[in-house]
Structure formats: structure tokens, C-alpha cells
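Residue numbering for the sequence shown follows this note's numbering, beginning at 30 and increasing consecutively.
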Amino acid sequence: MKTENQKWASLFRVAIVGATTLKGKELKEVLEERNFPAMDIKLLDDDESLGQLDQVQDEVAFVQPVTATQLEQMDFTFFASNEKFTRKHWKLARNAGSAIVDLSYALESEIDAPVSAPWIDRELGRHPQLGLESTVIEVAHPAAIALALLLLRAQKAAPIRSVVATLLEPVSESGKHGMDELHEQTVNLLSFQPMPTRVFGSQVAFNVIGRYGDGAAGTLESIERRIAGHLARLLDGRAPVPSLMLVQAPVFHAHTFSIYIELEKNVSLGDFTQALAGEHVEIARSAEDAPSNVNVAGKDEILVAVRRDAAHENGFWLWAAVDNLRLAATTAVECATALAAVRPHGKVQ
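Take a look at the structure:
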């Protein structure tokens, strides 16, 4: 039996930067649900969030500032902040010797960090390229993870000739500001008041758009390129990268996908569906279980409905949904768990 000192020595010190963001809150929940071996979880964020009360491991915790002192002795630092905030502070964590798990996508343009998704590593039977020298992990985009897994499964039925996917983006991918803007637009439109467009530059409420308006905080095209880039890196030539189109949907949570896959030969609907089914993929058998933003909320699985294309016997349509925040947080924790296995416990590198 371990002594009390041995027990604490086997635990890690963890910091969440961006703890009050949507991703940060989901990440904290997943860390606790999965019993990540942490002796301490620090909640860090920007000046606007300082002093906010939260609960960590059944104890009251305050949100604190991101400083070099706060990051001292941290074994893992998760960046769930926005890209700008991550770029400003990530070197503090690196200089403190902490391993970094980035959910903000900021570091893919700063350094050559591996884009990681343990679901895909397991599906391909490959080991993550991690070692004592591994200090930064870029969490793959949740839409890229879901697409990669479905394509790898689909080609077990037969080689894929072509694939096209349309992705519906939830406003939670733009953080709390995106959520607030959709809510305010909805309320203001119903009361015939001017609507805010600071985040999307256009009307999103009661609307589906393929391009943000002038003055938007970002572009759908840049997100689309990121998803395609992550997908190519995850697949690593094992399956074709689909033609992608990303559209902004007036929904708060969850990515949904319309995917058309044409195989090289004719297979039965049953065989194709069986190839897709398995770990992390739940096949919808009834209308009540159909993939939707509502039905997938809080789930760890990708929900999928399948039908044969009426015009092409080798073609299949997939309608799929995945909880974007849940999958991002789960992937981050699994990446940290994999890295923890190769790092000395409770010791900063």
C-alpha cells in the first residue's frame, strides 16, 4: 500500500488557462470525471474573470491571473483561452518547464507542435509520438477528429472513391461572445430592435450563412482550412481528405455533418453501417435517436445515421453530430494522459 507521501508524489500539478471559457469549463469537468491524477488544478484567466468562484475537486477555488509565479511547478498547462491570449502567455508555461496542451489552435502557427487525437491513433494502431522531450501538444479540431474516424471506418467496407462533407458550425466555437451574440440577435429580432454583429458581422439568428460579414472577428474560410489541415495530418494518407464546406448554423452547441461517400464497389447498407459502428460511434436506429445538436449534447460518442444514395449504388449519405466542446475537452485530457505516461510523476521537466 502506498504511503501518503508516495500517493501525493504520483500526482500532477495542473493549470487551466482560460478556465472561465466554454472550453475551460468543459475541460475542468472532464478532468474530474476521468480522475486525471492531479493533486492541484489551478484556474487561471484574464483580468475580467479574476476572483470568480468555482469548485475544483470538491473545494472552493478562485480564478487567478496568468503569471510566471502561478505557473511555477506546473506539470501540465492547458490553454483553453482564445488564440491571442494563448500566444501572449504560452511561453510563461514553457519557460516554467510545464507540458502544454493547447485547445486554442494558437500554437500551430507558433511552433511545430503535433496535432493530436488519441481516438485516431488507436483506430490506426499507432503510438503517439511522445517522449520526455515532448512539451507542446496541439489538440486536433473536433470536426477533424469526427471526420477522420468516420472515413477510416468507412473504408473498411471498401476503398473510398470520393467524399464530400458539409459541416455546420455552432456558435460555441466562437466562445461565449458567439453564444451571447446569437442570443442577443434572437431576442432583438423578435422585438424589432437592432441586432449586434460584432462577432459574425452578419445575422446568424434564424439564418444559415456561408460567409461572415464585414467586421467579423474571423472568417469561415480560415476555420475550414484549419479543419482540412488537421484532417490531413490525422489521416496521414490512410484515407482521402474530403472536399469540405463549412457553414455557420444558428445553433449554440455541436457540430453536425452531411457527408457523401462513394465507394469503389457496391456493398450492402448493412455491411457499410457495420463498418462505421464501434468505439466512439453510435449508429442511430430510430427517429428518436437521430443525430442532432440536442441528442448529442453531453455525449462522448459521434451519432450517425446512414442511408444509401438513391442515384448511385456505390454512394452513401451520412448525417452525423458530435458535441464539439465535449470532444475537444476529452481529446485534451487523453493527450495529457498519454504524455503523463512518459513523464516522471510530479516533476517539472
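Note that the Cβ used here is the ideal one computed from N, Cα and C, for glycine as well. Here the structure is a predicted model, which is why all the values come from computation and not from measurement.
Using a Cβ-Cβ cut-off of 8 Å (strictly less than) and excluding sequence neighbours within five positions of residue i, which residues of its own chain qualify?
i, result
"Asn34", "Caution applies to Asn34, whose pLDDT of 38 falls short of 50 and renders its modelled position unreliable; the model cannot decide the point."
"Val362", "Leu56, Val59, Leu60, Arg63, Phe65"
"His156", "Asp150"
"Gly207", "Val200, Ser201, Val228, Phe229"
"Asp300", "Ala186"
"Glu342", "Asn295"
How about residue i and residue j: are their beta carbons less than 8 Å apart?
i, j, result
"Thr106", "Asp74", "no"
"Arg214", "Val233", "It should be noted that the sequence gives Gln, not Arg, for residue 214. Closer than 8 Å, so yes."
"Leu179", "Leu347", "yes"
"Val89", "Ser78", "no"
"Ile288", "Leu273", "no"
"Pro147", "Ala367", "yes"
"Pro269", "Ile174", "no"
"Phe221", "Gly242", "no"
"Pro271", "Val144", "no"
"Arg182", "Ala339", "no"
"Val46", "Val85", "no"
"Pro320", "Val310", "no"
"Leu153", "Arg267", "yes"
"Met103", "Val200", "no"
"Ala109", "Ser133", "yes"
"Pro225", "Glu210", "yes"
"Asn322", "Gly204", "no"
"Ala177", "Leu298", "no"
"Ala97", "Ala125", "yes"
"Arg116", "Glu139", "yes"
"Leu244", "Ile290", "Sequence check: residue 244 is Gly here, not Leu. Not closer than 8 Å, so no."
Quick one: what's got a C-beta closer than 6 Å to residue i's C-beta in the same chain, skipping five residues either side?
i, result
"Gly239", "Val276"
"Ala187", "Leu292, Glu293, Lys294, Val296"
"Gln184", "Ala268"
"Lys120", "none"
"Lys376", "Its pLDDT being 49, under 50, Lys376 is placed unreliably by the model, and nothing is read from it."
"Thr285", "Leu197, Ala350"
"Gln378", "Legend: pLDDT at Gln378 = 46, less than 50; position of this residue unreliable, value from coordinates given subsequently. Correct list, in chain order: Gly126."
"Ala122", "Leu100, Thr106, Ile129"
"Met30", "Because the pLDDT at Met30 is just 45, under 50, the model does not fix this residue reliably, and the value given afterwards should be weighed accordingly. Cβ within range, chain order: n/a, list empty."
"Ile360", "Contrary to the premise, residue 360 reads as Thr rather than Ile in this sequence. Answer for Thr360: Ala146, Val168, listed in chain order."
"Ala172", "Leu196, Ile256, His284"
Sorted by chain position, which residues of the same chain lie with C-beta nearer than 7 Å to residue i's C-beta, five sequence neighbours on each side aside?
i, result
"Ala326", "His282, Ala283, Asp352"
"Thr32", "Because Thr32 sits at a pLDDT of 41, beneath the cut-off of 50, its placement in the model cannot be relied upon, and the following sentence gives the value as read from the coordinates. There are no such residues."
"Thr302", "Ile312, Val335"
"Trp37", "Low local confidence applies: a pLDDT of 40 at Trp37 is under 50, so the model's placement there is unreliable, with the coordinate-based value given in what follows. The residues are Met68."
"Phe114", "Gly47, Asp75"
"Pro118", "Pro is not the amino acid found at residue 118; the sequence shown has His there. Val46, Val95, listed in sequence order."
"Cys364", "Val130, Ser145, Pro147, Ile166, Val168"
"Gly80", "Phe91, Val92"
Can you check DSSP and say which residues form a bridge with residue i?
i, result
"His288", "Note that residue 288 is Ile in the sequence shown, not His. Partner(s): Ala194, Leu347."
"Glu88", "Val85"
"Pro94", "Asp74"
"Leu332", "Glu311, Ala350"
"Arg63", "Answer by DSSP bridge pairing: none, since Arg63 is not bridged."
"Ala44", "Lys71, Thr106"
"Arg337", "Phe345"
Please look up how many angstroms separate the CB atoms of residue i and residue j, rounded, as I've assumed it's under 8 Å.
i, j, result
"Val165", "Leu136", "6 Å"
"Ala306", "Ile331", "11 Å between Cβ atoms; not a contact."
"Lys52", "Ala358", "7 Å"
"Asp141", "Val168", "That belief does not hold up - the Cβ atoms of Asp141 and Val168 are roughly 15 Å apart, past 8 Å."
"Lys54", "Gln99", "That belief does not hold up - the Cβ atoms of Lys54 and Gln99 are roughly 19 Å apart, past 8 Å."
"Phe235", "Leu218", "7 Å"
Beta carbon of residue i: closer than 7 Å to some heavy atom of the ligand GTP?
i, result
"Val228", "This structure lacks the ligand GTP; in fact it carries no ligand of any kind."
*Residue ranges of each alpha helix (DSSP H) run of no fewer than 4 residues wholly in the stretch 209 to 296, ordered along the chain?*
249 to 264
*asked:* Suppose only complete runs of 4+ residues qualify. What are the alpha helix (DSSP H) ranges in the stretch 126 to 181, listed by chain order?
replied: 147 to 153
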